[in-house]
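To start, the structure itself, in structure tokens.
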Amino acid sequence: MTQRNADTIFGALFLLLTAAQLAVILFNPFDLSGDEAHYWEWSRRLDIAYYSKGPLVAWLIAASTHFLGATELGVRLPAVICFGLFSLIFYIYLRGRYGADIALISWLAVRSALIFAQTGLLMTTDAPAVLFALLCLISGWHAVERKSVRSWCWFAVFAGLGIWAKYTLIMLVPAFLLFLLCAPVFRREVFALRCASMLCIVSFFLLPLIVWNMQNGWVNVAHNAGHVVHAEAFRFRPRFFFELLAGQAGLVGPLLFAGLCGALWAGYQRRRKSDLFVRYLLFMTLPLVFFVVAVSLTKRVYANWPMPVYVGALLLAAHLSAEDEVFRSRVRGWIAPAILLNLLITLAAHAVLFNINFGLPGNILPTKKLAGWQKLGEAVDRAIYTGRQSSADMFVMTDEYAPASAVSFYSAQHPFVYCTNTGRRRMNQYDVWIKPKDWAALRGKRALVVLKHAQDAEYLRMKFSAFLPAAPQPDLQFVHSGTKIREFFLFWGEDFDGSAPISPQAR
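The numbering of the sequence shown is numbering that gives the first Met the number 0, which starts it at 0 and goes up by one.
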């Protein structure tokens, strides 16, 4: 295939798939997920860090919704843009390094995988994280290959922004330094002024996160450490490792996942040869692999944790396809079936977004996280309207961050929803925002209380002089694909006593 033909195919598919992403966002019948609504809530209170994440996801949503308003497109457009830039830079970089054929095939592998397709649709930390992971890998290699001070600085900036998106990307910095120390030809770079400049820039990005944690009792550090370190006694649980493998095979595609694992193994076998780029990619990729695998041997790992691994693995697979005849001969037979299988998986997953559920019950469909939130917001509006309430005389309260944020987003007036604690949850961002004095300021007011568990009303009843089911619709059941996926109960609480809830113990 000529370079011109490959570029034409790439350009047409890039525009078509980007348009398809926007169409799915605009026309699918589902709502924002609870996490997306929560990130939007963050964007209304911009800060240098948040309870569980860095600030980048909130800042991107704030910029987008400034122009598009509090809409689902406004919240999700940054994901489309970040992933679009990722896939564009990925193709251009490989095209310049290995030619259009390898670039196009590698790009098709990326765009066909479900894990990347979802990244460009849902506004989570993954979209900016994979973009800055790719930019880190490219600029890091340019820094050592060209000895360019500018590339060292760009590496630091991209690493810092990546850390602001997803904390696991902090591993790229020590991995980069370790590569330099273990490569005799680059070892002197660790002690050069440009390396010191890089570390200073990274420190500039880390400083706000440290300051925020110091001001907020290190809750951010404690929360993320809780994903790794057991609060209870240590136990070896290998089933979580096999659960991780099965999940990654499904999200990346069975054949592509096997191929990328094969690329990492082939790169490891080639590590002692003179191919420094292979060693560089291994150093920048394997530490996160070892980290995720180690955690999965003792506790459940979120399916999106290994995402940055695939950036380096895809670059490695492209490099070996161009430079290693043995690997190229092995790839030639399975890459087309891998892409076709991934397309079928991705199309089936996107069909679910339009209520084509293949007879599966709603409680196992991933779309259950996107269903019912707008109806909850509308129910809150109806209760408030029916009661002819003034915002000065009442407030809305719930006991979990997802319904609190969803009500804020989907209620017509976008009210701030107070998140109390009935003893069922861990700490969240609302506990950082809402201080005892804020609860005290609500003394004497009426509250519309939204609860996921009706029995929690007994805990809250003591905080009000009267606590009665809201009329005309005291409870809401949301059914998805024939299965009840969640329900809520609405109550009116009279004359709130102004007491703050018990602080959650789990971080």
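Even glycine gets a Cβ: it sits at the ideal position worked out from N, Cα and C. Predicted model, so just to flag it, every value in this text is computed and none were measured.
If you drop the 5 nearest sequence neighbours on each side, which residues of the same chain put their C-beta closer than 8 Å to that of residue i?
i: Arg442; result: Phe495, Asp496, Gly497
i: Val210; result: Ile47
i: Glu486; result: Lys451, Asp474, Leu475, Gln476, Phe477
i: Leu55; result: Thr124, Pro127, Leu160, Trp163, Ala164
i: Glu35; result: Val74, Arg75, Leu121, Met122, Thr123
i: Asn223; result: Ser51, Tyr166
i: Tyr458; result: Thr421, Gly422
i: Gly532; result: As shown, the chain starts at 0 and ends at 506. That puts residue 532 outside it, with no answer to give.
i: Phe290; result: Thr167, Met170
Can you list, in chain order, the residues of its chain with a C-beta nearer than 6 Å to that of residue i? Leave out the 5 residues immediately preceding and following it.
i: Pro207; result: Ile47
i: Met396; result: Tyr417, Thr419, Ala446, Val448
i: Phe326; result: Ala265, Leu319
i: Lys272; result: none
i: Ala465; result: Glu493
i: Gly376; result: Val406, Tyr409, Ser410
For residue i, count neighbouring C-beta atoms within 10 Å of its own C-beta (all shown protein chains included) and say buried if the count is 16 or more, exposed if not.
i: Gly68; result: exposed
i: Cys81; result: buried
i: Asp392; result: exposed
i: Gln579; result: Coverage of the chain is limited to positions 0 through 506, which leaves residue 579 absent and any answer about it impossible.
i: Gly10; result: exposed
i: Tyr50; result: buried
i: Thr7; result: exposed
i: His479; result: buried
i: Asn219; result: buried
i: Pro500; result: buried
i: Val187; result: Strictly speaking, residue 187 in this sequence is Arg, with Val absent from that position. Classification of Arg187: exposed, given that the 10 Å Cβ count is below 16.
i: Gln412; result: exposed
i: Ala108; result: buried
i: Arg278; result: buried
i: Arg506; result: buried
i: Ser42; result: buried
i: Ser105; result: buried
i: Gln268; result: exposed
i: Tyr384; result: exposed
i: Gly216; result: exposed
i: Lys434; result: exposed
i: Pro305; result: buried
So residue i and residue j are supposed to be a Cβ contact under 8 Å. How far apart are they, rounded?
i: Asn87; j: Phe13; result: In the sequence as presented, Asn is not what sits at residue 87; that position holds Leu. About 7 Å; that satisfies the 8 Å criterion.
i: Ser446; j: Phe29; result: Reading off the sequence, residue 446 comes out as Ala, not Ser. Their Cβ separation, rounded to whole angstroms, is 29 Å, which puts Ala446 and Phe29 out of contact at 8 Å.
i: Leu120; j: Ala164; result: The Cβ separation is near 17 Å, so there is no contact.
i: Ala132; j: Leu168; result: 6 Å
i: Thr297; j: Arg238; result: Incorrect: roughly 11 Å between the Cβ atoms, too far for contact.
i: Ala348; j: Gly252; result: About 11 Å separates the two Cβ atoms, so there is no contact after all.
i: Asn341; j: Ala112; result: 5 Å
i: Gln428; j: Tyr400; result: 7 Å
i: Arg193; j: Val148; result: 5 Å
i: Leu254; j: Trp333; result: 6 Å
i: Ala116; j: Thr345; result: 5 Å
i: Leu179; j: Val189; result: 5 Å
Are residue i and residue j close, meaning C-beta to C-beta below 8 Å?
i: Ala262; j: Leu93; result: no
i: Leu314; j: Leu136; result: yes
i: Leu45; j: Ala61; result: yes
i: Leu84; j: Ala5; result: no
i: Leu489; j: Ala403; result: no
i: Gly139; j: Phe89; result: no
i: Val227; j: Val201; result: no
i: Trp151; j: Met213; result: no
i: Gly258; j: Val310; result: no
i: Phe185; j: Val156; result: no
i: Phe408; j: Lys444; result: no
i: Ala405; j: Gly33; result: yes
i: Trp491; j: Ala456; result: no
i: Ser516; j: Phe240; result: There is simply no residue 516 to check, as the chain begins at 0 and stops at 506 in what is shown.
i: Leu16; j: Arg145; result: no
i: Thr284; j: Val300; result: no
i: Asp274; j: Glu242; result: no
Looking only at its chain, what residues have a beta carbon closer than 7 Å to the beta carbon of residue i, apart from the 5 residues adjacent to it on each side?
i: Leu76; result: Ser63, Leu67
i: Thr1; result: none
i: Asn27; result: Leu352, Phe353
i: Leu59; result: Pro77, Pro127
i: Phe415; result: Ser407
i: Ala158; result: Cys135, Leu168, Leu171, Val172, Val201
i: Ala57; result: Tyr38, Trp41, Ser42, Leu45, Tyr49
When the cut-off is 8 Å and only beta carbons count, does residue i lie next to chain C?
i: Ser464; result: This model lacks chain C altogether; it includes just one protein chain.
4 or more residues per run - each alpha helix (DSSP H) lying fully within the region 430-479: Within the region 430-479, the complete alpha helix (DSSP H) runs of at least 4 residues are 435-439, 456-460.
Every unbroken alpha helix (DSSP H) inside the region 140-223 [4 residues or more]: The region 140-223 contains these whole alpha helix (DSSP H) runs: 148-164, 171-181, 192-214.
Every unbroken alpha helix (DSSP H) inside the region 277-304 [4 residues or more]: For the region 277-304, there is no continuous alpha helix (DSSP H) assignment of 4+ residues that stays within its boundaries.
Contained beta strand (DSSP E) runs [length at least 3] in the region 381-431, N- to C-terminal order: The region 381-431 contains these whole beta strand (DSSP E) runs: 393-397, 416-418.
Contained alpha helix (DSSP H) runs [length at least 4] in the region 3-77, N- to C-terminal order: Restricted to the region 3-77, the alpha helix (DSSP H) segments that are unbroken, complete and at least 4 residues in length are 33-42, 55-67, listed in chain order.
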